[in-house]
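K.L.:
Below is one structure. I have some questions about it.
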Amino acid sequence: MYVKNPKTILLAALMLLSVVISAIPAMGQAPDTTHRPKVGLVLSGGAAKGIAHIGVLKVMEEVGLYPDYIAGTSMGAIIGGLYAMGYSSDELLNLVETTDWDKILTDRVRLNKIVMEEKHDYKRFMVEFPIRNYEFKLPSGLNEGYQLERLFADLTWGATGIHDFDRLAVPFRCIAVDIIEGRPVRFDSGYLSRALRASMAIPGVFAPVQMDSMLLVDGGVMRNFPVDEVKNMGADIVVGVYVGFEENVTPEDLFSFTDVLTRTTVMAGVLDSKRQMKKVDVLISPDMEGVQAYDFMKGKSISRRGEEAADKVRGRLAEIARRLETDKQPPLKLQGPEYLYISEVGVENLRYVDSSFVIGKGGVFPGTYITKERLDQAVEKLFGTRYFRKVNYRLEKQSENIYRLVYVEKESTRAFVKGALHYNNHLGTGLIVNGTFRNYLIPASRINITANIAEKPGVKFDLHKYYGKKQRVMDHYFVNWYRSELPVSFEGEQVGRYRHGMLKAGVGGKYSITINQQVGLDAFYEQSTIYPDEALQSFYPEVNFENYGFGGIAVEAFYHLNTQDDLYFPTRGIRLETSFKRVFKPITKYRIEGDQTMDEQIFSLNLKPFYTFYLNADQYFRVAPRVSFKLGTSAGLIFSDIPITNNYALGGVMFDDKINYETLAGYDYGEMVVPNYWKVNAGMDVRLTSRLFLTLEANAAHFANKAHNMYSSLRRANWNDLLMGYAAGVRINSVLGPLVFMVGDNHQDSRARWYLNLGYTF
116 MYVKNPKTIL
126 LAALMLLSVV
136 ISAIPAMGQA
146 PDTTHRPKVG
156 LVLSGGAAKG
166 IAHIGVLKVM
176 EEVGLYPDYI
186 AGTSMGAIIG
196 GLYAMGYSSD
206 ELLNLVETTD
216 WDKILTDRVR
226 LNKIVMEEKH
236 DYKRFMVEFP
246 IRNYEFKLPS
256 GLNEGYQLER
266 LFADLTWGAT
276 GIHDFDRLAV
286 PFRCIAVDII
296 EGRPVRFDSG
306 YLSRALRASM
316 AIPGVFAPVQ
326 MDSMLLVDGG
336 VMRNFPVDEV
346 KNMGADIVVG
356 VYVGFEENVT
366 PEDLFSFTDV
376 LTRTTVMAGV
386 LDSKRQMKKV
396 DVLISPDMEG
406 VQAYDFMKGK
416 SISRRGEEAA
426 DKVRGRLAEI
436 ARRLETDKQP
446 PLKLQGPEYL
456 YISEVGVENL
466 RYVDSSFVIG
476 KGGVFPGTYI
486 TKERLDQAVE
496 KLFGTRYFRK
506 VNYRLEKQSE
516 NIYRLVYVEK
526 ESTRAFVKGA
536 LHYNNHLGTG
546 LIVNGTFRNY
556 LIPASRINIT
566 ANIAEKPGVK
576 FDLHKYYGKK
586 QRVMDHYFVN
596 WYRSELPVSF
606 EGEQVGRYRH
616 GMLKAGVGGK
626 YSITINQQVG
636 LDAFYEQSTI
646 YPDEALQSFY
656 PEVNFENYGF
666 GGIAVEAFYH
676 LNTQDDLYFP
686 TRGIRLETSF
696 KRVFKPITKY
706 RIEGDQTMDE
716 QIFSLNLKPF
726 YTFYLNADQY
736 FRVAPRVSFK
746 LGTSAGLIFS
756 DIPITNNYAL
766 GGVMFDDKIN
776 YETLAGYDYG
786 EMVVPNYWKV
796 NAGMDVRLTS
806 RLFLTLEANA
816 AHFANKAHNM
826 YSSLRRANWN
836 DLLMGYAAGV
846 RINSVLGPLV
856 FMVGDNHQDS
866 RARWYLNLGY
876 TF
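Take a look at the structure:
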């Protein structure tokens, strides 16, 4: 046989032999065991029911089974996302138990975070309708989710600078739904706190989250049990915990309008969850009977239900852990940076507010080092202006510990119409209607118009025009008119009533020293008039007039401090109001019947300029988790002769900011009318539940006919000369406003007074 090129044939044979050898497994070689099966954990949505996930995690930790991947929706996304950051089950349960869920679910902030000119109206209306394009619009959710976003920003600080969710301690995915495109959105990257907030945007409860062109709501609408997502991550074994929608629903269960609407909204999610359950290796379904979606205050018992359900499959979970033959340890908890360097500051989503105002008010500027606490303060300052329905931030990493800060704002609608009902057994029933307009007709302004449609009506108009980047300086234009009806008593018995009308209109200027401190100077026209009824005229023959009052030009300087955490249910803080007023050339006005004359000894007809001084100071402090005290003092002094219409009216227990009115427990509203007074008061609140308080108040007051005699008459006074009274009862922080039922008495006549109030005062 002839071979033309032996070298070529030899080379070809060697190549063929190497291919054959590589295709044959090596004899006696151990199989490849480098690929360990991966465990995926899926946590469903379910609002408060999702707290049961924590109990399941506790059992998994006890058997040594730690997931390689986690996917969740809504509350499952919250628990799963935090666990993926390295939080343990014990830490998660502690968070649930220590979180102020009432604050989260009502979206309230403490009053001391709200600017002074907004404090009085903050959260005191039952309904609020935004006006857009000259039409009333319902809000997109009962709750904007500001407090929820603040909570998530705080809890996810450890993930600062991490954009890829695979870089968390455990790779993580969560689901939301874009209602623009009608499709589920899977989050595998971005800003973790924002993703968690979008996944829990429960329709009708929390407002949707806008991201780029998407409008995102709770993922449970379409994908409440994201098994496919965790499988796509690489999970070989799937453990699923389902606490979502009930499967065996009957027509009787869908009785109310909200039942039908809720079921209709989540129908796609219900059907999808049934398909997803078939793909789970270990399915854990805790017993949720009797647990409601809003039962966040029952964290420990709900977690226990998850633990009990996981105990039933503890053996299977332990078997998986043994079969994996791994010594995998709990994931290390991510720690955020202690300090950040801010290289740039930006603002998103502004339409009517200037970015310089946002940056200036926040107080964080480029080229500075900041902490998480400093960022939180900046957000609180911006939200406290009430220009925004919610405020958050995003930190864009430039390099190691160098970030670009971006405020993410949602501006308040520029015009709102608000309303609230109120009832008081001394003032009667009324409807408060309010219109608030920010930057609407005048740039950098706030117009506030409030009307009390009631037996004792009133109108308030305020216009604030702001100046400067931080808007601390403002002009103030105002009109304040009201009419009330007060009793007149003799030896403890009511002998008649009179109507009191008050008008105050003028201009002024204010300067906000801090968010809780303000000084100002007002110039205004003031008019005060009284109208006695027939019973009063019969009892006092000298009261022979149809009306009597005065009018005059006045100037008033004032200082206000308010660090209370709530206007009507404070537990901490100080409220201090002090003012000094001069009335120039007051003119008496009156009308009498026929040719009768006024009694000059009782009614000052030739008034001279006079001064008034007012002080009110209350301090609230908490002495135990459920017990708080109040100590306070108040004084009103009028120098020179004055019209009786400008006296101080004392009585009642409900805070009321009408001119010259002051509370005095043990007496009816406005029962004691005095020219000069000094009062000390004390109170105690015992919180029985989150919204129910047991209340006790006591006070003592002294009055004098002349301001300069106040000190000397007080030194000579005995106990019987003082106006001493007390009141006790319950107060409820209801959805309609303060519900107050108290009974009071005083040492003068020992006649019980009772106080009933529902809603906020005008």
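Residues 116 to 877 (the working numbering) are what the sequence shown spells out, left to right. Just so it is clear, CB atoms sit at the ideal spot from N, CA and C, and this is done for glycine as well.
(1) On the criterion of 16 or more Cβ atoms from any shown chain inside 10 Å, does PHE699 qualify as buried, or is it exposed?
(2) Exposed or buried, what is VAL473 when buried is set at 16 or more other beta-carbons lying within 10 Å of its beta-carbon?
(3) Would you mind sorting ASP217 into buried or exposed? The rule is 16 or more other CB atoms within 10 Å of its CB.
(4) Under a Cβ-count criterion, where at least 16 other Cβ atoms within 10 Å of its own Cβ denotes burial, should LYS625 be classed as buried or exposed?
(5) With a CB to CB cut of under 6 Å and the five nearest residues on each side skipped, what residues in its chain are close to ALA167?
(6) Tell me which residues share the same chain as LEU784 and place their Cβ nearer than 6 Å to its Cβ, disregarding the 5 neighbours each side in the sequence.
(7) So MET392 is in the alpha helix (DSSP H); what residue range does that whole segment cover?
(8) By a C-beta neighbour count over all protein chains shown, 10 Å radius and 16 as the cutoff for buried, is ALA266 buried or exposed?
(9) Where DSSP assigns a beta bridge to ARG301, which residues make up the other side?
(10) In terms of DSSP beta bridges, what is PRO245 paired with?
(11) DSSP three-state label for MET348, please.
(12) Beta carbon of GLY158, beta carbon of GLY201: below 7 Å?
(13) With a Cβ-Cβ cutoff of 7 Å, do PHE302 and ALA310 count as a contact?
(14) Report the rounded CA-to-CA distance for ASP864 versus ASP836, giving the unit in angstroms.
(15) Quick one: any contact between the region 290 to 306 and the region 322 to 331, if contact means 3 or more CB pairs under 8 Å?
(16) For ASN258, count the other beta carbons within 10 Å of its own beta carbon; 16 or more makes it buried, fewer makes it exposed. Which is it?
(17) Looking only at C-alpha atoms, which of PRO245, GLU206, ASP222, VAL242 sits nearest to LEU270?
(18) Only counting the same chain, and skipping five residues up and downstream in sequence, which positions put a Cβ closer than 8 Å to that of ILE689?
(19) In or out: THR686 buried (at least 16 other Cβ within 10 Å) or exposed?
(20) Can you check whether the CB of ASN861 is closer than 7 Å to the CB of GLY840?
(21) Give the single residue among ILE352, GLY384, LYS487 whose Cα lies nearest to the Cα of ALA436.
(22) What is the C-beta distance between PHE770 and TYR683, in whole angstroms, given that I count them as a contact (C-beta under 8 Å)?
(23) Who are the near neighbours of ARG706 in its chain, counting only those whose CB is closer than 6 Å to its CB and skipping five residues on each side?
(24) Report all residues from its chain with a CB closer than 7 Å to the CB of GLY621; omit the five preceding and five following residues, and keep chain order.
(25) Tell me which same chain residues have a C-beta within less than 8 Å of the C-beta of ILE139, skipping the five on either side of it?
(26) Which of the three DSSP states, helix, strand or coil, is assigned to ASP410?
(27) Got a sec? Which residues, its chain only, sit under 8 Å from HIS235 by beta carbon, not counting five neighbours each side?
(28) In whole angstroms, what separates the C-alpha of ALA867 from that of TYR782?
(29) As a quick exercise: from ASN796, THR810, VAL795, pick the residue whose alpha carbon is nearest that of ARG802.
(30) Where do the N-terminal and C-terminal ends of the alpha helix (DSSP H) with VAL494 fall, by residue?
(31) Which partner residues does ALA569 have in the DSSP bridge list?
(32) GLY335: buried (16+ other C-beta within 10 angstroms of its C-beta) or exposed?
(33) Starting from PHE695, follow its DSSP beta bridges and name the residues at the other end.
(34) Considering ASN507, what are the terminal residues of the beta strand (DSSP E) in which it resides?
(35) By the three-class DSSP mapping on this structure, what secondary structure does GLU296 have?
(36) Cα separation between LEU651 and THR500?
P.N.:
The answer reads as follows:
(1) exposed
(2) buried
(3) exposed
(4) buried
(5) VAL358, PRO401, ILE417, ARG420, GLY421
(6) Residue 784 is actually Tyr in this sequence, not Leu. Answer for TYR784: HIS541, GLY766, GLY767, listed in chain order.
(7) 382 to 392
(8) It should be pointed out that residue 266 corresponds to Leu in this sequence rather than to Ala. LEU266 is buried by the Cβ-count criterion.
(9) ILE290
(10) PHE531
(11) helix
(12) According to the sequence shown, residue 158 is Leu rather than Gly. Taking 7 Å as the Cβ cut-off, LEU158 and GLY201 do not qualify as a contacting pair.
(13) yes
(14) 13 Å
(15) yes
(16) buried
(17) GLU206
(18) LEU676, ASN677, THR678, GLN679, ALA732, ASP733, GLN734, TYR735
(19) buried
(20) yes
(21) ILE352
(22) 7 Å
(23) GLU661, ASN662
(24) PHE593, ASP637, ALA638, PHE639, TYR640
(25) Interpretation of ILE139 is limited by its pLDDT of 35, a score under 50 that renders its predicted location unreliable; no figure is taken from the coordinates.
(26) coil
(27) LEU682, ASP772
(28) 9 Å
(29) THR810
(30) 487 to 499
(31) GLY545
(32) buried
(33) ALA672, PHE728
(34) 503 to 514
(35) coil
(36) 48 Å
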